[in-house]
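In numbering that gives the first Met the number 0, the protein residues as written are 0 to 372.
Backbone N, C-alpha and C fix where the C-beta goes; we use that ideal spot for every residue, glycine too.
First the structure, in the form of structure tokens, and then the observations on it.
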Amino acid sequence: MKIWIDGYEANVGQRLGSSQVAFELIRTLERIDSKNDYTILLPSPPLGDLPPERPGWKYKILKPLRLWTRIALPAALYLNRKRPDILFSPTHYIPGFCPSGIKRICTIFDLSFLHFPEMFTKKDLWQLKNWTKFSIENADHIVTISNFSKQDIMKQYGISKDKITVAYPGYDREEFRIKNSELRIKQIKKKYKIKDSYIIYIGTIQPRKNLIRLIEAVSRIEGLNLVVVGKTKGEGREGWMYEDILQTPKRLGIEDKVIFTGFVPIKELPYLISGATAFCLPSLWEGFGIPVLEAMACGTPVIVSNVSSLPELVGNAGFLVDPYSVDQIEQAVRTIISDKKLQQKYSKAGIEQAKKFSWEKTTKTVLKVFELI
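The structure is reproduced here in structure tokens:
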């Protein structure tokens, strides 16, 4: 088969979330599938960590960049005589126009914008509402990242379960594992000015992640810091509506207890995670949660919300809390940091749970969709 892939999200630096999924899918497809013929559509030359071209694997640079889904992708499809059998988009969006005979597949991560519209900018909300609806209704098949998201798509848009396939994301197994180097952990802590024991959050800094309640919970616990890893203003592709989050430590008088690191390179993340007493994600809504998976793989106990996909991801390998209750978040943190046996229990359970997930499994599931569509 001739398969074209929208590689826009994969061809960025400092990947997180959807861009991370897009990159890993593309990288793994190139490694495990030599049967099909692939063309990766990009807005600019491929970054160095994308697979090099070979027979059956090439890149095609399209313009214009700003109207990628509306003009660049449709133009490439209509103007090319050798059209693909499949157009796969590892994002929410498929082109608005497409020649007949080409099967379109989109990837829906979650529908949080429908449940928490107030937590998105007006521009992003309009785009997500309109283009996600179009993609779901017009795609020949939908890939999503958890059974929770699948059920939500079915409920919100009336889509048949047979049109949706769950492909759980994986994690970088070479990087994210237990790091026992006390010296390296100490060096990383010094770099980011972390002095005392700490718990850690990794992800986008935005309202849905519920960081204000997490900060409030930590403010009640003496001798414990919170390390928040995520891009802010000026770092590119940063979060949004985060001003109140950044001001919360000052409002509570605990500026010395909360460390906003900004972006952290992947080579340093496992050490920051391994040095933490716990990883916390009290999110109000998640389609999956790759940082949770990475933390479990590093043997760090996890505390997550008891809503959306997080119970599905964590199973019995982590603490589940009501994300709307600061008291519950506080109590879970207190329990974990004060009980060494419990830390060991959840560390071992998390490592075993993480073994269930890999990018190869993700990619093989997507390959089956290509074959069956």
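Close beta carbons around residue i, own chain, < 6 angstroms, minus the five adjacent residues each side
i, result
"Phe278", "Ile199, Ala294, Thr299, Val301"
"Pro290", "Ile201, Gly202"
"Gly169", "Phe356, Ser357, Trp358, Thr361"
"Ser88", "Asp5, Cys105"
"Thr131", "His91"
"Glu285", "Ser307, Ser308, Leu309"
"Phe259", "Val227"
"Ser304", "Pro281, Ser282, Pro322"
Inter-residue spacing [alpha-carbon to alpha-carbon] between residue i and residue j
i, j, result
"Lys360", "Ala166", "8 angstroms"
"Pro310", "Ser145", "11 angstroms"
"Lys29", "Glu136", "It is Glu, not Lys, that sits at residue 29 in the sequence shown. In a straight line, the C-alpha of Glu29 is about 29 angstroms away from that of Glu136."
"Asp338", "Ala275", "14 angstroms"
"Ile31", "Gln126", "34 angstroms"
"Arg69", "Val257", "42 angstroms"
"Lys178", "Ile272", "9 angstroms"
"Phe115", "Arg207", "8 angstroms"
"Ser111", "Lys122", "15 angstroms"
"Phe22", "Leu49", "8 angstroms"
"Pro54", "Pro45", "16 angstroms"
"Pro94", "Arg103", "9 angstroms"
"Ser346", "Pro322", "22 angstroms"
"Gly157", "Lys149", "11 angstroms"
Cutoff 8 angstroms; reference residue i; Cβ partners in own chain excluding five residues on either side
i, result
"Pro42", "Tyr7, Asn10, Ile60, Leu61, Lys62, Leu64, Trp67, Ala71"
"Gly222", "Asp195, Ser196"
"Ile101", "Leu76, Arg82, Pro83, Asp84, Ile85, Leu86"
"Ser159", "Met153"
"Glu351", "Ala316"
Cβ neighbour criterion (16 or more within 10 Å) applied to residue i
i, result
"Phe96", "exposed"
"Pro281", "buried"
"Gln343", "exposed"
"Gly288", "buried"
"Ile25", "buried"
"Arg14", "buried"
"Lys340", "exposed"
"Ile265", "exposed"
"Arg212", "buried"
"Ser99", "exposed"
"Ser180", "exposed"
"Asp151", "buried"
"Lys190", "exposed"
"Lys185", "exposed"
Close beta carbons around residue i, own chain, < 7 angstroms, minus the five adjacent residues each side
i, result
"Ala216", "Val325, Ile328, Glu329, Val332"
"Ala348", "Asn315, Ala316"
"Leu366", "Asp32"
"Tyr241", "Ile204, Gln205, Thr231"
"Ser17", "Glu8, Thr90, Phe108"
"Val320", "Pro281, Ile302, Ser304, Asn305, Gln327, Ile328, Ala331"
Endpoints, beta strand (DSSP E) assigned at residue i
i, result
"Leu86", "85-87"
"Asp123", "First-last for Asp123: 121-137, but that is the alpha helix (DSSP H), not the beta strand (DSSP E)."
"Gly349", "Element bounds for Gly349: not the beta strand (DSSP E) but the alpha helix (DSSP H), 339-353."
Closest residue to residue i among the options (Cα-Cα distance)
i, options, result
"Lys81", "Ala348, Asn129, Ile2, Val320", "Ile2"
"Ala353", "Ala138, Val263, Leu210, Leu312", "Leu312"
"Ile336", "Phe262, His114, Asn224", "Asn224"
"Arg219", "Lys363, Gly252, Ile177", "Gly252"
"Lys363", "Val20, Met0, Thr27, Gly229", "Thr27"
"Leu371", "Thr164, Ile193, Leu49", "Thr164"
"Gln19", "Asp171, Arg53, Pro248, Lys190", "Asp171"
"Val368", "Pro322, Ile141, Asp36", "Ile141"
"Leu210", "Glu174, Leu182, Ile193, Thr247", "Thr247"
"Lys192", "Leu113, Gly261, Glu52", "Gly261"
Span of the alpha helix (DSSP H) around residue i
i, result
"Tyr191", "That residue, Tyr191, is in no alpha helix (DSSP H); it is neither H nor E in DSSP."
"Ser408", "A query on residue 408 cannot be resolved here, the shown segment of the chain reaching from 0 to 372 and no further."
"Leu371", "358-371"
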